[in-house]
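Right, one structure below, let's go through it.
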Amino acid sequence: MRHLRITACSNAVVWLIAGLLATVPIEAQTISATAGTGTPGYGGDNAAATSAQIDTAYGTTVSANGTIYFTDTRNQRVRKVANGTITTVAGTGVAGYGGDGGAATLATLSYPRAVAVDSQGNVYIADTGNCAIREVVAANGIMETIAGSGCGSTGGGFAGDGGPASAAQLSYPAGLAIDSSGNLYIADSWNYRIREVTADGKINTIAGNGSHGSFGDGGAATQASLGLIESLAVDASGDVYLSDAYNHVVRKFAPGGIISTVAGGNFGPATDGGIAVGANLMFPKGLAVDSKSNLFISDSLNSRVRGVSPEGIITTVAGTGTSGYAGDGGAASSALLDSPAGLGVDSNDDLVISDLLNYRLRTESNVALPKDWFVPVTPCRIADTRSATGEFGGPTLAGGTTRSFPIPQSACGIPATAGAYSLNITVVPSGSLGYLTVWPTGQTKPNVSTLNSWGGIVVANAAVVPAGSDGAISVYVSNSTDVIIDINGYFTADGGGSAFYALTPCRVADTRAASGQFGGPSMGAQSTRSFPFPSSACSIPGAAQAYSINTTVVPHGTLEYLSLWPTGQTKPLVSTLNSWTGKVVANAALVPAGSGGAVSVFVTDPTDVILDINGYFGVTGGTGALSFYPVVPCRVLDTRSSDGPFGGPAITGGTARPFAVPQSACGIPGTAQAYSLNVTVVPDGPLPYLTLWPTGKSQPVVSTLNSFDGSVVANAAIVPAGANGSVSVFAAGTTDVILDINGYFAP
Numbered sequence: 023m024r025h026l027r028i029t030a031c032s033n034a035v036v037w038l039i040a041g042l043l044a045t046v047p048i049e050a051q052t053i054s055a056t057a058g059t060g061t062p063g064y065g066g067d068n069a070a071a072t073s074a075q076i077d078t079a080y081g082t083t084v085s086a087n088g089t090i091y092f093t094d095t096r097n098q099r100v101r102k103v104a105n106g107t108i109t110t111v112a113g114t115g116v117a118g119y120g121g122d123g124g125a126a127t128l129a130t131l132s133y134p135r136a137v138a139v140d141s142q143g144n145v146y147i148a149d150t151g152n153c154a155i156r157e158v159v160a161a162n163g164i165m166e167t168i169a170g171s172g173c174g175s176t177g178g179g180f181a182g183d184g185g186p187a188s189a190a191q192l193s194y195p196a197g198l199a200i201d202s203s204g205n206l207y208i209a210d211s212w213n214y215r216i217r218e219v220t221a222d223g224k225i226n227t228i229a230g231n232g233s234h235g236s237f238g239d240g241g242a243a244t245q246a247s248l249g250l251i252e253s254l255a256v257d258a259s260g261d262v263y264l265s266d267a268y269n270h271v272v273r274k275f276a277p278g279g280i281i282s283t284v285a286g287g288n289f290g291p292a293t294d295g296g297i298a299v300g301a302n303l304m305f306p307k308g309l310a311v312d313s314k315s316n317l318f319i320s321d322s323l324n325s326r327v328r329g330v331s332p333e334g335i336i337t338t339v340a341g342t343g344t345s346g347y348a349g350d351g352g353a354a355s356s357a358l359l360d361s362p363a364g365l366g367v368d369s370n371d372d373l374v375i376s377d378l379l380n381y382r383l384r385t386e387s388n389v390a391l392p393k394d395w396f397v398p399v400t401p402c403r404i405a406d407t408r409s410a411t412g413e414f415g416g417p418t419l420a421g422g423t424t425r426s427f428p429i430p431q432s433a434c435g436i437p438a439t440a441g442a443y444s445l446n447i448t449v450v451p452s453g454s455l456g457y458l459t460v461w462p463t464g465q466t467k468p469n470v471s472t473l474n475s476w477g478g479i480v481v482a483n484a485a486v487v488p489a490g491s492d493g494a495i496s497v498y499v500s501n502s503t504d505v506i507i508d509i510n511g512y513f514t515a516d517g518g519g520s521a522f523y524a525l526t527p528c529r530v531a532d533t534r535a536a537s538g539q540f541g542g543p544s545m546g547a548q549s550t551r552s553f554p555f556p557s558s559a560c561s562i563p564g565a566a567q568a569y570s571i572n573t574t575v576v577p578h579g580t581l582e583y584l585s586l587w588p589t590g591q592t593k594p595l596v597s598t599l600n601s602w603t604g605k606v607v608a609n610a611a612l613v614p615a616g617s618g619g620a621v622s623v624f625v626t627d628p629t630d631v632i633l634d635i636n637g638y639f640g641v642t643g644g645t646g647a648l649s650f651y652p653v654v655p656c657r658v659l660d661t662r663s664s665d666g667p668f669g670g671p672a673i674t675g676g677t678a679r680p681f682a683v684p685q686s687a688c689g690i691p692g693t694a695q696a697y698s699l700n701v702t703v704v705p706d707g708p709l710p711y712l713t714l715w716p717t718g719k720s721q722p723v724v725s726t727l728n729s730f731d732g733s734v735v736a737n738a739a740i741v742p743a744g745a746n747g748s749v750s751v752f753a754a755g756t757t758d759v760i761l762d763i764n765g766y767f768a769p
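Throughout, this note's numbering is defined as the position within the sequence shown, counted from one, plus 22.
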C-alpha cells in the first residue's frame with residue numbers, strides 16, 4: 023500500500039467563498055382563498071366563490087382571460103370562477119350520462135376529474151365515470167361527446183386508434199391538456215397510454231405501450247410503460263408532461279419523440295434544492311407549466327406544491343409538509359395544505375391550487391423558483407477508506423464495486439437541504455485504476471468518469487456532485503483502490519452571496535515569461551508570491567470577490583504541493599495540487615480575492631506556475647450575473663465512439679473542434695452560459711496541452727490540461743458557452759477527448 027500525505031485537503035477547489043451563486047430577491051409569494059368555504063357540499067352559485075361550497079375539486083385550469091375552471095367532482099359538475107363569482111358550467115349534480123346536444127348545465131356527468139379550455143373558450147371535460155371526453159361549445163353552451171364511446175359493462179376498453187375519437191374506447195380518462203395548435207391530449211389511465219385527438223377528430227396513441235410500469239426512458243414514448251396517470255400539462259414548446267402517482271414520478275415527451283423523467287422516482291418526504299430527477303415525491307397529482315417553463319407539481323401526500331425550474335432544480339412553492347388549513351394572506355411556504363390536486367396558471371403566472379381535502383381553491387401570487395447558492399465549509403474530510411472500518415472509513419473499495427456515502431450524516435455538518443456538493447476526490451490505487459465515477463445515490467450509474475489512474479499513481483480531481491437519496495453520493499471504482507473524499511462547500515437554495523460572471527479564458531500569470539509582476543522568475547522552494555488579479559490584462563474588476571482559476575505547474579523536479587489562498591490571510595494547511603513525479607499538472611480552484619484583489623501562491627519545491635482565469639464571483643444583479651444548476655453527471659461527448667457530432671474521430675494534433683453542448687443528450691438548456699465540465703484525454707502520444715474556450719471567440723493562450731508523457735489525464739473546467747452554446751477544443755497533439763458535465767451556470 024502506498025502512503026499518501028495530504029496536507030489538510032488536497033487538490034481542486036480549495037478555498038470556498040461565503041455565499042457564492044445567489045439570486046436577485048423576489049417578491050413575497052402569498053397565498054389566498056379563491057373558492058370554497060372548507061365544508062364539503064354544493065351551494066353558492068351566482069355569488070362570491072369564497073362563500074360557495076365545493077366538494078373534491080380534482081381538476082383545475084385557467085383560461086386566457088383569467089377564468090378559473092374546476093371539476094367539482096363529487097357534485098358531478100364543472101364550475102367556474104370569473105371576477106370572484108362562481109357558476110356552474112356543466113352538470114346537474116346527478117351522476118349519469120346524458121344530455122348531448124342540449125345545454126351543458128342540463129347534461130349529466132359521472133365523477134369528472136379533469137378540465138381544459140382551448141383558445142376559443144371551448145371547455146373539455148374528462149367525464150371519467152363515463153369513459154368519455156365531453157365538450158362544452160363556447161358559442162352556444164351545448165354539450166357534446168368528442169371522444170370515447172362509453173364504459174359499457176366492462177368499465178371501458180382500448181380501441182379506435184386511427185379512427186374518429188368519438189368511436190374509440192377509453193378506460194378511466196383522468197387527465198387533459200391542450201396545446202397551442204388545439205390538439206387535445208388525454209390520459210387514458212387504465213389503458214396506460216396518452217392519446218391525442220387532432221383537429222380533424224382522429225385519435226391516436228402518442229405515449230405508452232399498454233403495459234403498467236415506469237420504464238422506457240430514453241426511448242420512443244410509444245414504447246414506454248406508464249403507470250396510472252393522474253394529470254397532464256403541456257408547455258409552450260409542445261412537450262407533454264404526465265404525473266404518474268403510484269410510481270411517484272413526473273415524465274415528459276414530445277409527441278413522436280423520446281420520453282424521459284423530469285422529477286421524482288423515489289417515495290418519501292420532500293427534500294428541496296437538488297435535482298428534480300430522483301427527488302422524493304408522494305403521489306404527485308396536478309401539473310401546470312408557467313410562461314417561464316417552470317413546472318409545478320401537486321405533491322399530494324407531502325401536502326406541498328413543488329416547483330421544478332427549467333434547469334431541473336426542485337423546491338417547495340407552497341405548503342409546509344404538514345396537512346391542515348392555515349396561512350391565507352401570508353407566505354405560501356408557511357401555509358398548510360391538505361392533499362393538493364389540480365393546478366392551473368393564469369396569464370400573470372399566479373398559481374391556482376385545488377386544496378382537495380380542504381374543499382377550497384387557493385391562489386398563490388408572485389410564484390418564483392429559487393436558484394442554487396453556494397455555501398462554504400471549512401475543508402473537511404468526509405471519508406477515508408484507509409481509516410478504521412466504518413460508514414466513512416474502511417475497507418478499501420474492491421474493483422467493480424460501488425459504495426454510498428450519506429454526506430449529511432458525516433462529521434462535517436452538511437445539512438440535509440444541500441442539493442449538491444463541491445468535493446475533492448483522491449485515490450490511492452492498489453494498482454492500475456481504469457476509472458472512478460461519482461454520482462447521486464438513487465440514480466443509475468452514469469457513463470462518466472471522475473478520474474483515472476492507469477499508472478496506479480495517487481491522483482486527485484475536483485467534482486461537483488448532486489445530492490442523491492438521503493443526501494448520499496455513490497462511488498464506483500473499476501479496480502481496487504482507497505478513496506478519500508473532502509468537502510469544501512455545498513449548493514443550496516437557502517443561502518445567499520455572490521453571483522458568477524463568466525470570462526473567456528485568459529492567462530493571468532506565467533512565471534516562464536519575462537520577469538515582471540505576472541511573469542518570471544520561477545518560484546523557488548518554500549517560497550510565496552502574490553498576484554493582484556485586477557491589475558492583470560484579463561479585465562477583472564476590482565470588485566471581484568473570488569476567482570475561478572486553472573492552475574498549472576511545470577516542476578523542476580518533485581513538487582510536494584502548491585497552495586493558493588487570498589493575500590493578507592494566513593497560509594492555510596491545504597494543497598491545490600501535487601506533482602510527486604515531477605509531471606506537468608493542472609487543476610481547478612475557487613479562490614477568494616485577498617488584499618488588493620490578490621491571490622498568494624506557495625510552493626514546496628522549485629517550479630514554474632501558470633494561472634488562467636475563466637470567471638469570477640461578485641455582487642448579484644450585475645449584467646451577466648449567473649447562478650449554478652447541478653445535473654446528474656452526463657457524458658456530453660466521447661471521440662472514441664462512432665463518428666458524429668459528439669463522437670469520433672479523435673482530434674488531430676494542431677486542430678480544433680466545436681461541440682454544441684445543448685444539442686447533446688444531456689438535456690442542457692440553451693439558456694446555459696457556462697458549463698462545469700470534467701475533461702479527460704486519452705492521447706496517442708505526448709499532448710503538450712489542450713484548451714477549451716467558447717466557440718466564436720479567438721483561441722486564448724491558456725491550457726486546460728497537459729499530458730507530456732501521453733498518459734490519461736482528467737481535469738475539472740468551467741467553460742463559457744459560445745456560439746450556439748458550443749465550446750471549442752484545441753489539442754496540440756492527437757488525442758481522444760471525453761467531456762462529462764455536472765452542472766451549468768445560467769441567469
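No residue lacks a Cβ here, since even glycine has one placed at the ideal position from N, Cα and C.
Just so you know, these numbers come straight off a predicted model, no measurement behind them.
Leaving aside the five residues that flank aspartate 183 on each side, the residues in its chain whose CB is nearer than 8 Å to its CB run, in chain order, Ala190, Arg217, Ile225, Asn226, Thr227. Here phenylalanine 555 carries a helix assignment [DSSP, helix/strand/coil]. Here the alpha carbon of asparagine 746 sits roughly 8 Å from the alpha carbon of glycine 692.
Per DSSP, the continuous beta strand (DSSP E) segment holding lysine 274 begins and ends at 271-275.
Annotated as proximal: valine 272 and isoleucine 319, with beta-carbon spacing under 8 Å.
Within the model, the alpha-carbon separation for glycine 121 versus serine 649 is close to 55 Å. Per the C-alpha coordinates, the member of Ile168, Gly235, Gly177 positioned closest to leucine 206 is Ile168. DSSP places asparagine 324 in the helix class (H, G or I) of the three-state scheme. By alpha-carbon distance to lysine 593, the top candidate from Asn572, Ser171, Leu584 is Leu584.
Within a 10 Å sphere around the beta-carbon of lysine 274 sit 16 or more other beta-carbons, which makes this residue buried.
Within the same chain, Thr52, Asp372 come within 6 Å of serine 387 by CB-CB distance, once the 5 residues on both sides are set aside. A buried status is given to threonine 717, since no fewer than 16 other beta-carbon atoms sit within 10 Å of its beta-carbon. Excluding its 5 nearest sequence neighbours in each direction, tyrosine 711 has C-beta neighbours in its own chain below 6 Å: Ser725, Asn728, Ala754, listed in chain order. By the neighbour-count criterion, in which a residue is buried when 16 or more other Cβ atoms sit within 10 angstroms of its Cβ, glutamate 413 is exposed. Straight through space, the alpha carbons of tyrosine 498 and phenylalanine 624 are spaced by roughly 34 Å.
DSSP places arginine 101 inside the beta strand (DSSP E), whose first and last residues are 99-104.
Beta bridge pairing from DSSP links asparagine 302 with Asn288.
Distance from the CA atom of arginine 99 to the CA atom of glycine 123, rounded to whole angstroms, is 17 Å. Bounds of any beta strand (DSSP E) do not take in valine 641, whose DSSP letter is neither H nor E.
For glycine 456, the uninterrupted beta strand (DSSP E) segment begins and ends at 455-462.
If you draw a straight line from the Cα of phenylalanine 427 to the Cα of isoleucine 495, it is about 5 Å long.
At a Cβ-Cβ threshold of 8 Å, alanine 79 and serine 376 count as neighbours. Distance between alanine 566 and glycine 670, taken at the CA atoms: about 40 Å. For serine 85, the closest C-alpha among the options Asn231, Thr674, Leu248, Ile200 is that of Ile200.
For cysteine 656, the uninterrupted beta strand (DSSP E) segment begins and ends at 649-660. Buried is the label assigned to serine 322, since at least 16 other Cβ atoms lie within 10 Å of its Cβ.
Per the DSSP secondary-structure output, proline 710 pairs with nothing in a beta bridge.
DSSP links valine 735 through a beta bridge to Val703.
Only residues of its own chain outside the window of five on either side were considered, and among them Ala57, Ala71, Ile90 have a CB closer than 6 Å to the CB of valine 103, listed in chain order. Secondary structure note for phenylalanine 767: its beta strand (DSSP E) is the uninterrupted segment 757-768.
With contacts defined as CB atoms closer than 8 Å, valine 137 and threonine 83 qualify as a contacting pair. A straight-line Cα-Cα distance of about 11 Å links proline 667 and serine 748. A Cβ-Cβ distance of about 5 Å is found for the pair asparagine 636 and proline 527, placing them in contact under the 8 Å criterion.
Less than 8 Å divides the Cβ of leucine 254 from the Cβ of valine 262. Taking a 10 Å sphere around the C-beta of glutamine 539, we find fewer than 16 other C-beta atoms and assign the residue as exposed. Of Ile632, Gly616, Gly204, the smallest CA-CA separation from asparagine 572 is found for Ile632.
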